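Here is the structure we will look at.
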Amino acid sequence: MAQPKKFEQIILDIEDGVAILTLNRPEKMNAFTGKMMYEMIEAFDITDADDSVRAVIVTGSGDRAFCAGADLSEGAKTFDYDARADSGEAGRTQDVDIQRDGGGRVTLRIFDSLKPVIGAINGAAVGIGVTMQLPMDIRIASDNARFGFVFNRRGINPEAASSYFLPRLVGIQQALAWCYSGRVFPASEALSGGLVLSVHPQAELLDVAKAMAREIADNTAAVSTSLTRQMMWRMLGASHPMEAHIVDSAAIYSRGKTPDAKEGVMSFLEKRKPEYPVKVSDGMPNFFPWWEEPEFEWIGGKD
């Protein structure tokens, strides 16, 4: 596998159209840090810019944990952003020093990904270890995986924009049941609750994820897949199906005139593997993006 850049707390491998982003602090059960946040964001910048990448798999190093949550080595000040002002996560709005939720910065970056994202959850996934999964398109789990929205048991609250993502994925009742209790639950419950698509033996998990990514890479048009990802996610907040109809119409009109559409039809008729020529880097339709990106606004006041 090609390694486009050497990171400290993650590994990014790219081979044959598939990127594998591995959280790489196995001695700490891949616990999340500010550095990991920045490295994950940069990794998604790399995969978006690389036309060879057709799908991204996110997993954890080792067989114990996907991500065991925030690194608690700071002890009592772990979640005190003012006490950790040197973490690099600070910003400034007018005369107020602010700390943006690092998990939220990661999930928003994953949400904006131009490439499909598959989570291969290979062990313990609690706190940010579970909330970072929520904007991933497909989540599959090993049979030894454990999940927990443990925030209320730590005196804080769910983060990483999970109040947006989680109810949309599993429904408000299931989301609140898991978040109120803060308990850790097995992969079987994550499956029945709709958090993951499927559960697999630990030894088979990454192969299953690669097969899913391979299905995308080998058979679909890159621009069509990128558009589909954004259309589906962003219509979760639409107020009326007319909003989807407007975007659908623009997309099908624009894409229907491209060499990709011609290749899709002809490869089907000729019973051969398609070779789609249009690239994401310069082939997205002229109406993309069709939304206005909201700005971060601090509402915490001055403490």
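Every position in the sequence shown, counted from 1, becomes a number in my numbering once 162 is added.
A virtual CB, placed ideally from N, CA and C, is assigned to each residue, including glycine.
In this text the structure is predicted, and so the values were computed from the model without any measurement.
Q.
I'd like to check one pair, I208 with L174: are the Cβ atoms closer than 8 Å?
A. yes
**Q.** Buried/exposed call for L431, threshold 16 Cβ in 10 Å
**A.** exposed
Q: Within its chain, find whatever has a CB closer than 7 Å to the CB of W452; leave out the 5 residues flanking it on each side and keep chain order.
A: V409
(Q) Between A286, A352, A383 and K167, which has its C-alpha nearest A193's C-alpha? (A) When each option's Cα is compared against that of A193, the closest is A286.
**Q.** V312 (DSSP reduced to helix, strand or coil)
**A.** coil
Q.
Bridge partners for F458 per DSSP, in chain order?
A. The partner list for F458 (beta bridge, DSSP) is empty, contrary to what the question assumes.
Q. Does DSSP put P348 in a helix, a strand or coil?
A. strand
(Q) Determine whether the beta carbon atoms of T420 and F327 lie at a separation below 8 Å. (A) No Cβ-Cβ contact shorter than 8 Å links T420 with F327.
Q.
From the DSSP secondary-structure annotation, give me the bridge partner or partners of A232.
A. F194
(Q) Could you check whether G317 and M298 sit closer than 8 Å to each other, using their CB atoms as the reference points? (A) The beta carbons of M298 and G317 sit no closer together than 8 Å.
Q: Using the Cα positions of S350 and S360, report the straight-line distance between them to the nearest angstrom.
A: Straight-line Cα distance between these residues: approximately 9 Å.
Q) Would you call A181 buried or exposed, if buried means 16 or more other Cβ atoms sit within 10 Å of its Cβ? A) buried
**Q.** In chain order, each alpha helix (DSSP H) run of at least 4 residues that lies wholly inside the region 347-402
**A.** 349-354, 367-381 and 384-396
(Q) In whole angstroms, give me the CA-to-CA distance for N314 and E321. (A) 11 Å
Q | Separation of E189 from F450, as counted between CA atoms | A | Roughly 42 Å between the two C-alpha positions.
Q.
According to DSSP, is S131 part of a helix, a strand, or is it coil?
A. In the structure as shown, the chain begins at 163 and stops at 465. Residue 131 is therefore absent and cannot be evaluated.
**Q.** Rounded C-alpha distance that separates V279 from I461
**A.** 31 Å
Q: Please list, in chain order, all residues of the same chain as F273 whose beta carbon is under 7 Å from its beta carbon, the five residues on each side excluded.
A: P297 and W395
Q) Smallest Cα separation from I333: which of L357, Y342 and V346? A) The identity of residue 333 in the sequence shown is Gly, whereas the question assumes Ile. With distances taken between Cα atoms, G333 lies closest to L357.
(Q) Using only CA atoms, which one of L331, Y342, E366 and A373 lies nearest to L353? (A) L331
Q) Any idea if K424 is buried or exposed, counting beta-carbon neighbours within 10 angstroms, 16 or more meaning buried? A) exposed
Q. Between which two residues does the beta strand (DSSP E) carrying M292 extend?
A. Correcting the residue identity first, residue 292 is Val in this sequence and not Met. Not the beta strand (DSSP E): V292 falls in the alpha helix (DSSP H), residues I290 to T293.
Q) Does DSSP classify Q261 as helix, strand or coil? A) strand
**Q.** beta strand (DSSP E) segment containing A337, residue limits
**A.** No beta strand (DSSP E) contains A337, which is instead part of the alpha helix (DSSP H) from I334 to S343.
Q. Quick one: is A238 buried, meaning 16 or more other Cβ sit within 10 Å of its Cβ, or exposed?
A. In this prediction, A238 scores a pLDDT of 44, lower than 50, which makes its location untrustworthy; no coordinate-derived value is stated.
Q. If we count the other Cβ atoms within 10 Å of its Cβ and call it buried at 16 or more, is Y415 buried or exposed?
A. exposed
Q | Length of the line joining the Cα atoms of G179 and K167 | A | 17 Å
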